[in-house]
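Novice: Counting along the sequence shown from 1, when you hit position 55 you're at 54 in numbering that gives the first Met the number 0, and nothing is skipped either side.
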Amino acid sequence: MVFPNQTNHYGTLFGGHALALMDKAAFIAASRYCRQTVVTASTEKINFHSPIKVGQLAECVARVIGTGRSSMQVEVSLFSEDPLSGNRALCTRGVFIMVALNEHGQSIPIQPQTNSEQA
0 MVFPNQTNHY
10 GTLFGGHALA
20 LMDKAAFIAA
30 SRYCRQTVVT
40 ASTEKINFHS
50 PIKVGQLAEC
60 VARVIGTGRS
70 SMQVEVSLFS
80 EDPLSGNRAL
90 CTRGVFIMVA
100 LNEHGQSIPI
110 QPQTNSEQA
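Here you go:
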């Protein structure tokens, strides 16, 4: 749920908070995919479609859409939902590049789960 301390001067979710939620969802999806320590390397194609208002629910949906040698492309969609009506809307969508690391902080290879997931 979006609370007043998370909003901008328009009473909608501050973009930085939205990106932080999305980054956490990307981290979870990538960690589950490769079962390694992961970090965010970059973001791309972040599109803000509509605002999320105070009192609305915010839901992130993340999935690995491609892999490289040590990286994963994770698409994250952020939806708003009115808790009374149940109406949902896509608010923000973006791609996060996550990299798997070893205990020394060096990138390590990951195994794609299917051929279609290779970038």
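Each residue gets a CB set at the ideal place from its N, CA and C atoms; glycine is no exception.
Keep in mind that this is a model prediction, so the values were computed, not measured.
1. Within a Cβ cutoff of 7 angstroms, which residues of the same chain sit near Asp22, ignoring the five residues on either side of it in sequence?
2. So, is Ala61 buried or exposed, given that buried needs 16 or more other C-beta atoms within 10 angstroms?
3. Between the Cα of Ala88 and the Cα atoms of Ala28, Phe13, His8 and Ala57, which residue gives the shortest distance?
4. For Ile45 versus Gly93, is the C-beta spacing smaller than 7 angstroms?
5. Just the Cα atoms here: how many angstroms apart are Thr42 and Ala19?
6. If you compare alpha carbons, which of Phe13, Gln5, Ala17 and Cys33 is closest to Val98?
7. Looking at Thr91: is its Cβ nearer than 7 angstroms to the Cβ of Leu77?
8. Are the beta-carbon atoms belonging to Ile64 and Gln55 less than 7 angstroms from one another?
9. Going by DSSP in three states, Phe78 sits in which element: helix, strand or coil?
10. What residue from Val37, Glu80 and Gly15 has the CA that sits closest to Ser70's CA?
11. Which first and last residues belong to the alpha helix (DSSP H) in which Met21 is found?
Specialist: In short, the structure shows the following:
1. Thr39 and Phe95
2. buried
3. Ala57
4. yes
5. 12 angstroms
6. Cys33
7. yes
8. no
9. strand
10. Val37
11. Gly14 to Cys33
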